[in-house]
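Everything on this sheet refers to the single structure shown next.
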Amino acid sequence: MNSADQVMQSYGRCCRSNEFFDTFYRIFLASSPEVRAKFANTNMQAQKLLLRQGIMNVVLYARGMPDTKLRALGCSHSRKGMNIRPELYKLWTESLLKTVRHHDKEASTDTLQAWAEVIQKGVGVILEEY
Ligand code: HEM
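Residue numbers (this note's numbering): 12 to 141.
Shown next, in the form of structure tokens:
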């Protein structure tokens, strides 16, 4: 199975539990004061639903969908938008991998490596818009 398909199946297992996005934001917000500051005025319940779709777009891009949605995300996160510094994507990625490890009981080292590849591809597109 290729990495994108492996991640699709893993994401399906992760999303079975409602707690996946709670765990992600708990870990991500704890990772740096800069991240916390960016979400200071955010409705986190709404944000969790948006991220569910955002991660799906990253996975679909790795499976061959056009990059349109990721480019739009890149624009909203760019200097001209929310100005999310490229360094913060490392924390985002680490937080997501920890969350997957916690929630996908079937995740092997191979699955986590597949996630890392899929995220790297998507983040690459997002950062081209920075
Ligand atoms: C691949 C990585 C990421 C994905 C898939 C993603 C996804 C999203 C989505 C779908 C939204 C809502 C739609 C929009 O505003 O365009 C959003 C908003 C946002 N994201 Fe990201 N994001 C990522 C990385 C980051 C990082 C690294 C930060 C750093 C702090 C961040 C901070 C924010 C903030 C502050 C908002 C707006 C919250 C608000 O409305 O108050 N994102 N993100």
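Backbone N, C-alpha and C fix where the C-beta goes; we use that ideal spot for every residue, glycine too.
Could you round the C-beta distance between residue i and residue j to whole angstroms and report it? I think they count as a contact, below 8 Å.
{"i": "Ala73", "j": "Ser28", "result": "Contact doesn't hold; Cβ gap of about 23 Å is too wide."}
Once DSSP output is grouped into helix, strand and coil, what is the label at residue i?
{"i": "Gly92", "result": "coil"}
{"i": "Thr120", "result": "helix"}
{"i": "Asn13", "result": "coil"}
{"i": "Thr53", "result": "coil"}
{"i": "Asn29", "result": "coil"}
{"i": "Glu139", "result": "helix"}
{"i": "Ser42", "result": "coil"}
Which same chain residues, not among the five before or five after residue i, have their C-beta less than 8 Å away from its C-beta?
{"i": "His114", "result": "Arg24, Cys25, Ser28, Glu30, Phe31 and Thr34"}
{"i": "Pro97", "result": "Leu138 and Tyr141"}
{"i": "Leu102", "result": "Phe39, Ser42, Ser43 and Val46"}
{"i": "Leu81", "result": "Asn68, Val69, Tyr72, Gly133, Val136 and Ile137"}
{"i": "Ser87", "result": "Met93"}
So is residue i buried or exposed if we call it buried at 16+ other beta carbons inside 10 Å?
{"i": "Ser43", "result": "exposed"}
{"i": "Phe39", "result": "buried"}
{"i": "Gly133", "result": "buried"}
{"i": "Ser106", "result": "buried"}
{"i": "Gly6", "result": "With the chain running from 12 to 141 in the structure shown, residue 6 is simply not present."}
{"i": "Gly85", "result": "buried"}
Closest to residue i by CA distance: which of the options is it?
{"i": "Ser89", "options": "Leu107, Tyr141 and Gln124", "result": "Tyr141"}
{"i": "Asp16", "options": "Leu84, Thr79, Met67 and Leu108", "result": "Met67"}
{"i": "Tyr36", "options": "Leu60, Lys91 and Gly92", "result": "Leu60"}
{"i": "Thr104", "options": "Gln131, Gln64 and Lys116", "result": "Gln131"}
Excluding sequence positions up to five away, which residues of its chain have a Cβ less than 7 Å from the Cβ of residue i?
{"i": "Val111", "result": "Ser21, Cys25, Ala118, Leu123 and Trp126"}
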